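A quick write-up on the structure given underneath.
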Amino acid sequence: MAGFPPWSYPTNTFPTPNRNRDIYYPNFYNPRQLCANNRRKQQYYTSLPASERKLAVLRDKGLSHAGDLGWTLDYATAWCYRHLTGNQTGVVDAINHLREIEDVDEETPLIAFDLLDKTLFGHKLDGMVYLKWKTLPSSSPGITSAPGVVKGIPRVCIELNKLPFEDGDGSMDDLLDVLIHQMIHAYFLITCGAQPKGAEPDGRLMDGLHFGVLLLTIRDITMRCRAGELDLIFYAANRTGSNLDRRKNKFIAINPRGAAAGLSIADGQSHCGHDNRYVRPAQMQNWQVETYSLAIELNMDSKGDQIYDIDGDSNFNAVDRLKGPPSSTYAELIWNEKRVMVPREKAMTFESLSRPLEKNEKMELRVPECDEKVFCQLYNFFTCGSTQRDQSKLVVPDDEPQTSMRMAPILAVYQRNPVDLESGVNVHLDLFKVAEAMKFEELMAHVLSQLWRIPYTTDDPIRTLQSLYNDNSDSGPVHAELHRWARGFLQRCEHDTDPQITLTWAGYTYYSKGYSNYEKILQYFHDDFKDLFHRNAAFRDDCRTVAALLTREPDQEEGIPVPSSTTTTTMGGHLLPPSTTATRPDLTATVTDVSQRRLAIAAGQRDPSDWWQQFATGGAGGQPLSLPAPASGAVGQPLPRLLGSSAAQSQVPLSLPAPVQSGFLPGQRRRVFQGI
């Protein structure tokens, strides 16, 4: 089986070589590399009897399991302690059964391994360990190594000391002593993972406090065995057969208990010969009384055996934790009952999340309920530091220099742009709400920056306003910066060059600015607008403020403010907005991407990126962006057109209502009110 190469895990995020994709979703784990998917190896194991199959797995160098359960050291100790105390009868029966083996040979530890794993560790070591013999000093119980430390072994490796058993002098009790000893180290590696090399050791590969709790618990349980308790040696000094009389030492003992030597730097291997007399029995008893109850309440086994990764097509791929990447490389986002991996190194760079992530060492964050598109944007921010955008659709990329001006997007009453479905204004607003609930300040700042830089939007404006003003939720007041963007969005006109011009009376430039977003929403979404206006006080106040700025007239606490022309329909003494029932089925409009721009230019049409220019030079009256011209067709006013050939455009055109003239020349725009 040595011919099977070890698996590899691309754990690092990097730009994809495929330039047609803007975002790379890092696959921490490739399901195609599963050993189970290797038919030849699967058929080989299936053909073996159950007993021989276990032996073959323990000897297979080609199996690669670098994953772990991501538990804390305290919880792993508490879980195993609870398992041992609840399974005392099974432990005693297993030891009695194994003691019936009289002669110890090379196959004996392979036979005993599965039974000990089941009774002592709840099958946590199943398929995760490579077991071999190795000649070591006579007092050494063996070495346990993390995945990849032993050359050619890409999983946890246990090397038992061959020397005491070469001449047939070693008994079954001696084998159980060293095998259980190394299996405890392997259990900590599989449940907690290996520490990074060079880190300060916490005891998972040292014979420390947590190791001693499990070892001595097993020893106490075996007191009920027929042949008595197992001689499980905890203190390394006892393996030499006798302790030197320290009174005869010829040097000054800094600390007779060995604590002064300190722990060696973590290197991925166990150090069972290190002096561990600094760990006192009283400390282990206190751990059972003081720490056990706190640790077991973490309930980290509820994480489950699977974790999810997202591929380039936004598909959630389930990965076995033990067969995935090491838990030290990722944090977990809990969304829709799924735990999704994100790079831990990247997540820890966000100061607002460092404390929630490190709480109880769980390295997990719960994501509020949201749509899958919104969650993919959140995932994208963790992996790539930005939200997903298709730069071919005229959406501003992150690396574009920011200007000093901040302008909200223009509302284009086109049929929906596919880009907006994935990364439009509404998706960013939902993402902001998620970040606000998570107290994710870095993401909130990023979303606000993108909202100010998006040039246009075809999203449903009513849903935009409902999200802005928390109309569908009782989440408290609107965020101050988001509230500022909301007013800027309502006030944004088609030909604005500097939004500050419309915020003050001084220096107001008297020229046509085109339709504002506020007027478009009022004209084309009047019924929904009216319901929201009367239902939401914050929105009602902003409408009056925006209307006052657009008309340069003082605010009036009366009805819905409607900036309009003098030629409007009246009813009951109040001026009404134009009717939205009339339609022009012969006129259509849509948004096209940059890939279709060349088709439009080749056909003699205007570059679609010059929308605002066509209205600035098209005549005095002007028409709102993307709205059809009146039936009379004033001279100089451009007609909306379906850019590109019909064969290249697969979208169904959207019929738009016909507006009435509403001259926005200086002195003609004024504010009217609709009666309640």
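Taking the numbering used here, I'd label the letters of the sequence shown as residues 4 to 679. Backbone N, C-alpha and C define an ideal beta-carbon position, used for all residues, glycine too. In this text, all values refer to a predicted model and were calculated from it rather than measured experimentally.
With respect to the 7 Å criterion, Gly196 and Asp312 are not classified as neighbours on the basis of their beta carbons. Per the Cβ contact rule, the region 368-376 is in contact with the region 429-444 (3 or more Cβ pairs under 8 Å). Of the candidates Gly231, Asn363, Leu360, Lys349, the residue whose Cα lies closest to the Cα of Ser389 is Lys349. Residues Gly145, Ile146, Glu162, Leu163, Asn164, Lys165 of the same chain have their beta carbon placed closer than 8 Å to that of Lys137, with the five preceding and five following residues left out of the count.
About 13 Å separates the Cβ atoms of Ile224 and Leu119, ruling out a contact at the 8 Å cut-off. Following the DSSP letters along the chain, one finds Met441 inside the alpha helix (DSSP H) bounded by residues 428-441. Distances from the CA of Gly231 to each of Phe168, Phe319, Val94, Ile299 were compared; the closest alpha carbon is that of Val94. Buried is the label assigned to Met287, since at least 16 other Cβ atoms lie within 10 Å of its Cβ. Between Ala334 and Glu367 the beta-carbon gap is near 7 Å, inside 8 Å, which marks them as a contact. Listed in chain order, the non-local C-beta contacts of Gly73 below 6 Å within the same chain comprise Ser330, local neighbours out to five positions each way being set aside.
The beta carbon of Thr80 lies closer than 6 Å to those of His213, Val216 in the same chain, with the five residues before and after it left out.
The three-state reading of DSSP puts Ala550 in helix, counting H, G and I together. The alpha helix (DSSP H) runs lying completely inside the region 105-179 and spanning 4 residues or more are 111-124, given in chain order. Linking Leu360 to Met351 through their CA atoms gives a straight-line distance of about 8 Å.
DSSP, read as helix, strand or coil, puts Ile183 in helix. Judged by beta-carbon spacing, Thr460 lies within the 7 Å limit of Gly427, meaning their Cβ atoms are closer than that value. In the three-state DSSP reduction, Cys496 falls in the strand class (E or B). Cβ-Cβ distances below 8 Å link Leu58 to Glu110, Leu113, Ile114 in the same chain, with the five nearest sequence neighbours on each side left out; the list follows chain order. Non-local C-beta neighbours of Tyr295 in its own chain, meaning closer than 7 Å and more than five positions away in sequence, comprise Ala81, Tyr84, ordered along the chain.
Residue state for Lys341 is assigned as strand, using DSSP reduced to three classes.
The C-alpha of Gln272 lies about 9 Å from the C-alpha of Cys160. Less than 7 Å separates the beta-carbon of Leu414 from that of Pro464. Between His274 and the set Ile236, Leu208, Val450, the nearest pair of CA atoms involves Leu208. In the three-state DSSP reduction, Ile457 falls in the coil class, being neither helix nor strand. 7 Å or more divides the Cβ of Ser470 from the Cβ of Cys379. Collapsing the DSSP output to three states places Asp323 in a strand. Sorting Phe319, Val322, Leu446, Gly491 by C-alpha distance to the C-alpha of Ser355 places Leu446 at the top. In the structure shown, Ser519 falls within a strand segment according to DSSP collapsed to helix, strand and coil. Pairing Leu219 with Thr243, the inter-Cα distance amounts to about 19 Å. The region 533-548 and the region 484-495 touch, with three or more beta-carbon pairs separated by less than 8 Å.
The C-alpha of Pro150 is placed about 32 Å away from the C-alpha of Asp172. The Cβ neighbour count for Met226, taken over all protein chains shown within 10 Å, is under 16; the residue is labelled exposed. Take Leu134, set aside five residues on each side of it, and the residues of its chain with a beta-carbon closer than 7 Å to its own are Leu61, Pro112, Leu113, Phe116, Ile161, in chain order.
At a cut-off of 4 residues, the continuous stretches assigned as alpha helix (DSSP H) that sit fully inside the region 209-243 are 212-224. Going by DSSP, Ile313 is part of no alpha helix (DSSP H) but of the beta strand (DSSP E) stretching over 309-313.
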